[in-house]
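What follows is one structure encoded as structure tokens, with my remarks underneath.
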Amino acid sequence: MKQKNQRNTTKPIIGISIGDMNGIGPEVTIGALSDTRMLKSFVPVIYASGGLISYYRKQMKTEQFSYHQCENINDIHLKKINVINCWTERVEIQPGSGNEESGKYARVSLAAATEDLKAGKLDGMVTAPLSKEFVKNDEFDFPGHTEYLTKVFEASDSLMLMILGELRVGVVTGHIPLKEVSHKLTKELVQSKTEILLQSLMNDFVIKKPKIALLGLNPHAGENGILGSEDDGIIVPVIEEFKKKGNLVMGPFPADGFFGSGQFRNFDGVLAMYHDQGLIPFKTLTGGEGVNFTAGINKIRTSPAHGTAYNLAGKNVADVTSMRNALFAAIYLARNKMQEEAL
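Residue numbers (my numbering): 1 to 343.
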């Protein structure tokens, strides 16, 4: 089937990078796509190899899981699950044991899917989890997917935004040691992340006048400078600037009370100052069913909100809910983007 302008479907075409082949990525991908009703909503394209998918199909005892193998995006079938053969050589699959080889093929899969996304041949991409330890080499020196995609798509900045339903939590600083957070936190950085969140809520999630909450960095949001100067010196000036422009940006809120009292339900988006400040309450509230969305790169990319889970790999016990939600989120966001471009 020819792609993009020559296709005869309005369904989004969503690429799936397979992640670490020895983690649970292949299993949750196959598990989520085993419900054939999903094919009514989108065209799935898995970037891996027929041999890898066949191995896990047998291991999971899902022989009824059928797919169309092809060599590139131009040959996909619009009514089937597609597997693009990113490699043809035999590879030793060792569920539960991440290694340099599994990291290598995670890079191969991600690079191929990203190339098609960048070329406009995909409407969105879902990335299965990879190991930050094993994926790194001289060419791939990134803390994770978000930083890699930010560079590939030449975005000045991006935002890791965790989403599920009406809950959307972004982080100003991402995969860095906690001791570096206060040094990295600047007015310019908070301003940039707030702007990305604002634009994403309006454009990606179609919220005309989004209401945003910024969390304080320190306990009790600094307690008027007693517990730290960052809240009053960095975060408050940013909030005031956005308010002057007519935006509904509020805070800084003490993080514990904000989530503990349910105040987060009054906002369309929440911006935490560091990774665990946002992700601990998000994952607690969503029960492991949330989705990671990269805002600010002008492309749709989501992923399940969990890692490779080597301890579960190969046992056919991994929960597919987060991967399924990541697919649904990519479909929803891609449709919004397609409608916007059509207008």
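Yeah, the Cβ is synthetic: ideal placement off N, Cα and C, and Gly gets one too.
{"Item": "Touching by the beta-carbon criterion (3+ pairs, under 8 Å), the stretch 258–278 and the stretch 166–177", "Value": "yes"}
{"Item": "Within the stretch 38–104, ranges of the alpha helix (DSSP H) (whole runs, at least 4 residues)", "Value": "50–59"}
{"Item": "Contacts around residue 259, its chain only, beta-carbon distance under 6 Å, and the 5 residues preceding and following it disregarded", "Value": "281"}
{"Item": "Assigned secondary structure, residue 126 (DSSP; H/G/I helix, E/B strand, else coil)", "Value": "strand"}
{"Item": "As assigned by DSSP and simplified to three states, the class of residue 21", "Value": "coil"}
{"Item": "When 21, 38, 126 and 343 are compared against residue 98, the one with the closest alpha-carbon", "Value": "21"}
{"Item": "Beta-carbon spacing of residue 204, residue 296 below 7 Å", "Value": "no"}
{"Item": "Three CB pairs or more closer than 8 Å across the stretch 92–111 and the stretch 129–138", "Value": "yes"}
{"Item": "Completely contained beta strand (DSSP E) runs for the stretch 109–190, where each covers 3 or more residues", "Value": "124–127, 159–164 and 167–171"}
{"Item": "Candidates 176, 187, 214 and 68, of which the one nearest residue 237 by Cα", "Value": "187"}
{"Item": "Coarse secondary structure for residue 297, derived from DSSP in three states", "Value": "coil"}
{"Item": "Check whether residue 302 and residue 291 have beta carbons under 7 Å apart", "Value": "yes"}
{"Item": "Straight-line Cα distance separating residue 154 from residue 39", "Value": "32 Å"}
{"Item": "Buried or exposed by the 16-neighbour rule on C-beta atoms within 10 Å, applied to residue 17", "Value": "buried"}
{"Item": "Proximity below 7 Å, CB of residue 135 to CB of residue 107", "Value": "yes"}
{"Item": "Euclidean distance between Cα positions of residue 32 and residue 66", "Value": "13 Å"}
{"Item": "Nearest-angstrom Cα separation, counted from residue 337 out to residue 239", "Value": "28 Å"}
{"Item": "Within the stretch 272–324, ranges of the alpha helix (DSSP H) (whole runs, at least 4 residues)", "Value": "275–286"}
{"Item": "Nearest-angstrom Cα separation, counted from residue 147 out to residue 139", "Value": "13 Å"}
{"Item": "Of the listed residues 294, 304, 308 and 322, nearest to residue 150 (C-alpha basis)", "Value": "294"}
{"Item": "Inter-stretch contact (C-beta, 8 Å, three-pair minimum) for the stretch 215–223 and the stretch 246–265", "Value": "yes"}
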